[in-house]
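S.K.: Pasting a structure below so you can have a look.
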Amino acid sequence: MSTGGAKDGELQVVAAPEKTKPALPPLPLAARTGSTALVEYTAPVLKEEEEDLEVKLRRILENVPVRVSNTSGSSAGSGSGDFHQYRQMRRREQDRLARMDADYQRRKELAEFNMRREERMKAAEEQTEKKRLKRQKKKQRKKEKKMKPNAGGEESRREDDDDSDDDGDETGN
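Just so you know, the working numbering puts 136 at position 131 of the sequence shown, and the rest follows in order with no gaps.
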């Protein structure tokens with residue numbers, strides 16, 4: 006029964022009708038204004054709750070280090086090296102905690118030192134100010150004596166000499 010078609014196992018070549026190109030979608034507004042990008046990025050619109058969660062998740066992912074080392078598969082049994090790996094991880098963690106404690110102690114001591122230092126500096130400054138005022142008062146009194154007309158003459162000179170003698174006695178003690 007031959008119908009003029011291909012026999013079993015033979016191929017027949019037939020011309021396919023020409024396909025027309027599908028029309029392109031219209032260009033987005035940004036592409037029309039001079040942008041050469043094929044696809045313009047638009048940020049997804051999130052609800053306020055979702056946005057807060059996204060911010061928190063991003064902050065966690067940025068700040069928390071991910072450390073996965075020497076993991077064994079889920080089907081693996083406890084091998085001969087697992088104890089040594091455990092000891093090494095435990096030692097690393099203990100070292101990290103010891104460094105944190107030492108850093109805390111160092112910062113605490115430094116803060117206490119700075120506080121005591123500031124107190125000492127303040128006390129020294131107060132003493133210096135007190136002595137400065139005393140020197141200025143003494144100098145002012147001396148100036149006033151010199152500026153005062155010498156009615157007594159010799160008496161004022163004797164007082165000045167006595168003042169200078171007193172200074173010598175104070176340094177001598």
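A virtual CB, placed ideally from N, CA and C, is assigned to each residue, including glycine. Source: prediction; values computed, not measured.
Just to confirm my understanding: we take residue 175, look at its own chain, exclude 5 residues before and 5 after, and list those with CB closer than 6 Å. What are they?
M.R.: Annotation note: pLDDT 49 at residue 175 (below 50); position unreliable, no value reported.
S.K.: Quick one: grab the DSSP three-state call for residue 175.
M.R.: Note that residue 175 scores a pLDDT of 49, beneath 50, so its modelled location is shaky and nothing firm can be said.
S.K.: Could you give the distance in angstroms between the alpha-carbon of residue 93 and the alpha-carbon of residue 72?
M.R.: When only Cα atoms are considered, residue 93 and residue 72 end up about 14 Å apart.
S.K.: Report the rounded CA-to-CA distance for residue 178 versus residue 140, giving the unit in angstroms.
M.R.: Legend: pLDDT at residue 178 = 45, less than 50; position of this residue unreliable, no value from coordinates given.
S.K.: By the three-class DSSP mapping on this structure, what secondary structure does residue 17 have?
M.R.: coil
S.K.: Would you kindly work out how many angstroms separate the C-alpha atoms of residue 121 and residue 105, rounded to a whole number?
M.R.: 24 Å
S.K.: Under three-state DSSP, which class holds residue 23?
M.R.: coil
S.K.: I need the straight-line Cα distance from residue 103 to residue 52, nearest angstrom please.
M.R.: 44 Å
S.K.: Go ahead and pull the three-state DSSP assignment for residue 61.
M.R.: helix
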